[in-house]
Every structure is written in C-alpha cells, then in structure tokens.
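Residues in the sequence shown are numbered from 3 upward in steps of one, following our numbering.
In this text, a Cβ means the ideal position worked out from N, Cα and C, and glycines have one as well.
One structure is given here, and the rest of the page talks about it.
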Amino acid sequence: MGSCLSSKQSAISCEGVSKKQKVLPIDASFKLPAPLPSWPPGGGFGSGIIDLGDGLQVCQISSFNKVWAAHEGGPDDLGASFFEPSQLPQGFSMLGCYSQPNNRSLYGWVLAGRDETGSALKQPIDYTLVWSSESLQIKQDGVGYIWLPTPPDGYKALGHVVTNSPQKPPLGKIRCVRSDLTEQCEFDSWVWGLGKESDLNGFNVFSLFPSNRGTQAMGVCVGTFVAQKTTTAPVSLSCLKNVVSNLSCMPNLDQIKAIFQAYSPWIYFHPDEEYLPSSVEWYFVNGALLYERGEESKPVPIESNGSNLPQGGSNDGAYWLDLPVEEGAKDRVKKGDLQDSRVYLHIKPMFGAAFTDIVVWVFYPFNGPSKAKVEFINIPLGKIGEHVGDWEHLTLRISNFNGELLSIYFSEHSGGTWVNSSELEFQNGNKAVTYSSLHGHAMYAKPGLVLQGSGSIGIRNDTAKSKKFIDTGTNSLVVAAEYLGMAITEPPWLNYFRKWGPKLTYDIAEEIKKVEKLLPGKLKSAFDKFVRSLPNEVLGEEGPTGPKLKRNWTGDEV
Numbered sequence: 003m004g005s006c007l008s009s010k011q012s013a014i015s016c017e018g019v020s021k022k023q024k025v026l027p028i029d030a031s032f033k034l035p036a037p038l039p040s041w042p043p044g045g046g047f048g049s050g051i052i053d054l055g056d057g058l059q060v061c062q063i064s065s066f067n068k069v070w071a072a073h074e075g076g077p078d079d080l081g082a083s084f085f086e087p088s089q090l091p092q093g094f095s096m097l098g099c100y101s102q103p104n105n106r107s108l109y110g111w112v113l114a115g116r117d118e119t120g121s122a123l124k125q126p127i128d129y130t131l132v133w134s135s136e137s138l139q140i141k142q143d144g145v146g147y148i149w150l151p152t153p154p155d156g157y158k159a160l161g162h163v164v165t166n167s168p169q170k171p172p173l174g175k176i177r178c179v180r181s182d183l184t185e186q187c188e189f190d191s192w193v194w195g196l197g198k199e200s201d202l203n204g205f206n207v208f209s210l211f212p213s214n215r216g217t218q219a220m221g222v223c224v225g226t227f228v229a230q231k232t233t234t235a236p237v238s239l240s241c242l243k244n245v246v247s248n249l250s251c252m253p254n255l256d257q258i259k260a261i262f263q264a265y266s267p268w269i270y271f272h273p274d275e276e277y278l279p280s281s282v283e284w285y286f287v288n289g290a291l292l293y294e295r296g297e298e299s300k301p302v303p304i305e306s307n308g309s310n311l312p313q314g315g316s317n318d319g320a321y322w323l324d325l326p327v328e329e330g331a332k333d334r335v336k337k338g339d340l341q342d343s344r345v346y347l348h349i350k351p352m353f354g355a356a357f358t359d360i361v362v363w364v365f366y367p368f369n370g371p372s373k374a375k376v377e378f379i380n381i382p383l384g385k386i387g388e389h390v391g392d393w394e395h396l397t398l399r400i401s402n403f404n405g406e407l408l409s410i411y412f413s414e415h416s417g418g419t420w421v422n423s424s425e426l427e428f429q430n431g432n433k434a435v436t437y438s439s440l441h442g443h444a445m446y447a448k449p450g451l452v453l454q455g456s457g458s459i460g461i462r463n464d465t466a467k468s469k470k471f472i473d474t475g476t477n478s479l480v481v482a483a484e485y486l487g488m489a490i491t492e493p494p495w496l497n498y499f500r501k502w503g504p505k506l507t508y509d510i511a512e513e514i515k516k517v518e519k520l521l522p523g524k525l526k527s528a529f530d531k532f533v534r535s536l537p538n539e540v541l542g543e544e545g546p547t548g549p550k551l552k553r554n555w556t557g558d559e560v
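Shown next as structure tokens:
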C-alpha cells in the first residue's frame, strides 16, 4: 500500500459554478513552491498511514470534490466552499467533509479511516438535517444541505456529510468511530456564517481540534468542520485518539535535520534594527553575568554552555542574568552578533503524534525601547519596552503522514498567530520568509506596520526587509526532543529556570509623563490608560524566562 496522499494536490471538481461569478482565491489550489524531498528512512514518518491502535488506521486526504459553495458571509464576506474527500485509497472510508473560507487558496485535508478489526468503524444508522440554505436569499451554487450522522450505540460521528440535494445521503457514505477511539473536541477557527463575523446565537461553521492539546495529549485532529445553530451548545462531533500513544510516526534525528533543511525560515530584521540576535554561547563568552540575591556585588561570569548556571528549581527571583558591567562591553553585547547567531530547535509531538512541531527559538541579548502611535503622532516611549534577554520563536507544524509544512506560528509578544502555508511568503524553495519587528522582535508573516492596541492608539510593530537577516538553516541546534530519549543532550542553559534579565527599576509613571507632554490634552488620559493595560512582556519591567518555562513547551500554541 503506497502513500495515502493524492498525487494531485487538492484537485477540485467545480461543476455548477456560474461563469459570471468573479474568480475567488479558493478557485486556485495551493502547492508548496518546491516538491517535497525524499525523507531519510526509518520508522513510520512520511509513510502515509498512521496506526492509532485497536485496529484503526488513518491517512490524510487532500484531494476534494466541491459539493456546494456560498458566495457571501464569512471572512471578508466572500463565503465558503464545502467539499468531500476524493481518491480514497482502497479500504479507507470517509470520516467527514471539509470546508474552508473562500478568501484564501484551497489548501486543506481530512483524515480517512480503515478498520483492521471489524469493530473500529461502523456506518451511521440515520442522518439529521442540521441546516439547509434552501430558504436563504444569498449568492450560492445551488442549495446546500449539511447532515449529521446518527451513530450506532457505542460510536461517535467525527464529521458532517454535505449534499446539494434534499435526499438523505446513503448510510455507506461515511463511517462513525468506536467511542473509545475518540476524544472531545472544540471550535478552532471560524469558517463561515451568514454575517461578516461569527454570531453567538446564529448559524456558524467552525473547524475543530482536540480540547486537550499538548505533547502528552493523544487527541488527533480529523480536519473536519462542525455546523451548529448556536455556539453555546456542546460540540456535536468528536475527534480521534491515538489510544496506544504510538510515537513511531515521529521523525528520527536524520529526518528532523532533513525537514528543517527543507523548511528552515528566513528571518528579516528592520533596516533600523540595532538590537540583533546572537547565540547563547556568544552572549555568555562576551561577558553576560549571573547574579544571586543577597550577593549582588559579586556577579559571576557564565561558562559558554551555561554549566555553572543553577539547574531546575523555579522562577523564584533568587538568580538572574544581566549584561556586562563595563559600559563599552555592555553597549557592544546589547547589539548582539548576527554573524554568530544561532537558532535552537525543540521537536515535539502534537495532536496525538500525527503532527510534529519544530519550535525555532531565537535569542536576543536586548529588547529595545518601544514606539507608540497615538492617532497621527508617532512617539518614542523612553525606556518602556526595554529589557535584557529576549526569547522569541516560530513553530513549524509538519504532517507526519508525508512531511509537508502545513502552517507556521508567529510569536508576537504575549500571544501569536498561526498562518497557513498557503498564506506564507517563500524564498529559496519551501523556506518561509518571516519578519522581526523593530526593537520588540515580534514575528510576523508580512512586512509593514502592526499596531498593538485598540482603535488608533497602540505600540508600533514595524517590519521590513533589509540586508540584516538570518537563514536559520545555516546555524541551528536541536536542544530538545523528549520523545527521542537520550538521543539529544540538552545544554545546561536550557534547564536554567530563572530570569534571563534583571527586574528594571525605572519609574513607568515618570516615563508616561515624559510622553504625555508631547500629546494634546484629550489624548493624554487615553494614552495613560492604554500603557497601563500592557503586559509586563511589553512594558519590559522584567527579563523573560527561558524556553522551558514558556507555556508552549509542553502545550500547544495560543
């Protein structure tokens, strides 16, 4: 049995679409710019099939036939399209249909299942009509009907069936899954509704993912959607579960290296950026110091690998790191060293080990001061935003079925954003282009200005291409991959759990007053309220903790 992925990525049958309708982004299928390489051998990674245990095998399908589409409502008021998977390999059955908004290229997948024991999958015993567009006066292709399978006792439905006729689908169209092979799921992102944004008390379509997510969680995302008339009702569908915690489909070390070489992103810095990244080793060798509470007058130089840093414990304020004391060395180290920069990789299973997350950590010795935009006025914020030690990251989500890059997470201060591969900028093959914001180092998928705030007041996050950049594939180090056991030796600095910078002592109120002197009267109070609402990560009062203390180390991204 070969790979279960179609050789024709996301092929579409578009029967019934009016020739008068304008071309939408979804009318084109997305493919990565370069073909996928042949991955090094070993284990089940890239084999096309994952065994979830108790006789249930799944494969990933990205070929679809369009069933129905709406041409208004949803993101950007462009509507959404509904598909059923096509070209299922022999022995595999549909678990649900796929849907996505029309405002981006077609790029998605659903899982199909194969029953090796005769009890893992069963046909539904009936269908319930969840929703129909029959009475709606909207722009649409014919009429759409969304059906919920009625599972036999002891089984659960994982997806809907979509038709363009009022007749119930055949019972053999879809399979339900035995309850012990499923887990609870919840709304992920909004796909479509009748308005331009989701309506809590109206009809909505959402993509789904497991409610419990993280490196130890075994819920498997199916790629299907849920259609419900209210968002307050319990989700009517379930996701799958890797019941035997099978990690054999995770990549081995050779495969990790090949994956990262295929997808290693480029990070561009703003042309005015003065505070660039460095390797952790460069930072230590060039004079970073370890301080201990009560012994502030006796800071200690740090070994190049951090071997003399306190290990484990908790972020109790007993220790912290800081820049060199001597002013010349301090100013030099603050600026980092682009030529000596290095990214640090954490490899972890996600969604029941059906996917691999490669977290790309970047270290900056210093985070520069922020700049605000207040209405039409751009104002430097003095010391606000400054802190020593800055950890930022990107997360590449890889399908373990075939090794394809599905999306990237961009960390942005205390939050972040997932961006599908179809919406990324690429260069040099399948390497995504990312942009680090001026001084704050938040990561973005596109250049320009992002205002962090509300209305017309916010912190400026300016990004642009320049001659300052790093190709992360040229100097990377895998620092953690817990599932590989002893294959990876973690550097001592990774298990330093205290602050990577001191608590700053500047007076925020005084800094605000300096800025407010430059503002017209009516903007002073609005600006003051805005600044005081910012999290410490943005205000820069304290240095950050290291990667292992971030919530995404064992959990999913936001």
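Note the first and the last residue of the continuous beta strand (DSSP E) segment covering D392. H389 to S401
With DSSP run on the structure shown, which of helix, strand or coil describes P494? Residue state, collapsed to three classes: helix.
Got a sec? Which residues, its chain only, sit under 6 Å from G4 by beta carbon, not counting five neighbours each side? Residue confidence for G4 is low, a pLDDT of 39 falling below 50, so the modelled location carries little weight and cannot support an answer.
Counting Cβ pairs, one atom from each stretch, are 3 or more of them under 8 Å apart for the stretch 247 to 258 and the stretch 45 to 54? Because the criterion of three Cβ pairs below 8 Å is met, the stretch 247 to 258 and the stretch 45 to 54 touch.
Own chain, CB closer than 6 Å to G46, minus 5 neighbours either side, in chain order: Correct list, in chain order: S250 and C251.
So what's G319 in DSSP terms, helix, strand or just coil? coil
Spatial neighbours of V533 in its chain, beta-carbon cut-off 6 Å, leaving aside the 5 residues before and after: I514
What are the boundary residues of the beta strand (DSSP E) that K243 is part of? It spans S240 to K243 - the beta strand (DSSP E) in which K243 sits, taken as one unbroken run.
Nearest-angstrom Cα distance between E297 and P371? 29 Å
Which of helix, strand or coil DSSP assigns to T165: For T165, the secondary structure class from DSSP, reduced to helix, strand or coil, is strand.
Pairs of beta-carbons, one from the stretch 395 to 413 and one from the stretch 254 to 274, closer than 8 Å: are there three or more? yes
For D256, tell me which candidate among E544, L486 and P493 has the shortest Cα-Cα distance. L486
For P546, I'd like the list of residues in its chain whose CB is within less than 8 Å of its CB, leaving aside the five on either flank, ordered along the chain. H389, G391, D392, W393, K501, W502, G503 and E539
Could you check whether L451 and R462 sit closer than 8 Å to each other, using their CB atoms as the reference points? yes
Where does W41 fall in DSSP's three states? coil
Quick check on this structure: which residue in S535, P351 and N497 has the alpha carbon closest to the alpha carbon of Q313? N497
For the alpha helix (DSSP H) containing R334, list its first residue and its last residue. First-last of the alpha helix (DSSP H) with R334: E329 to K336.
Starting from the Cα of K552, find the closest Cα among I490, F94, S316 and E276 and give me that residue. S316
On the criterion of 16 or more Cβ atoms from any shown chain inside 10 Å, does L210 qualify as buried, or is it exposed? Looking at its Cβ environment, which holds 16 or more other Cβ atoms inside 10 Å, L210 is buried.
Enclosing beta strand (DSSP E) for W133 [first to last residue]: D128 to S134
Run of the beta strand (DSSP E) containing D256, from where it starts to where it stops: Here D256 belongs to no beta strand (DSSP E); instead the alpha helix (DSSP H) covers L255 to Y265.
Per DSSP, what are the beta-bridge partners of A159 in this structure? Per DSSP, none; premise fails for A159.
Residue range of the beta strand (DSSP E) that V480 falls in? S478 to A482
For D56, the three-state DSSP class (helix, strand or coil): coil
The stretch 421 to 438 contacting the stretch 228 to 236, beta-carbon criterion three pairs below 8 Å: Result no; under three Cβ-Cβ pairs closer than 8 Å.
My understanding is that T358 touches L396, with C-beta atoms under 8 Å, so please give their C-beta distance in whole angstroms. Incorrect: roughly 14 Å between the Cβ atoms, too far for contact.
Length of the line joining the Cα atoms of K373 and V481: 34 Å
Beta-carbon contacts of D464 that lie in its chain and below 7 Å, excluding the five residues immediately before and after: H272, S439, L440 and L451
Buried or exposed by the 16-neighbour rule on C-beta atoms within 10 Å, applied to F368: buried
What's the C-alpha gap between I381 and W420? 30 Å
Between A483 and the rest of its own chain, which residues show a CB-CB distance below 6 Å, the 5 nearest in sequence each way excluded? I349 and I490
Checking 8 Å against the spacing of the C-beta atoms, do L160 and C241 come in under that value? yes
Just to confirm, are R177 and G115 a CB contact at a threshold of 8 Å? yes
Which same chain residues end up closer than 6 Å to I28 when comparing Cβ atoms and leaving out the 5 residues on each side of it in sequence? Same-chain partners within the cutoff: S83, N104 and L108.
Rounded Cβ spacing between Y277 and K332 (contact assumed at less than 8 Å): No, Y277 and K332 are not in contact; Cβ-Cβ is about 13 Å, not under 8 Å.
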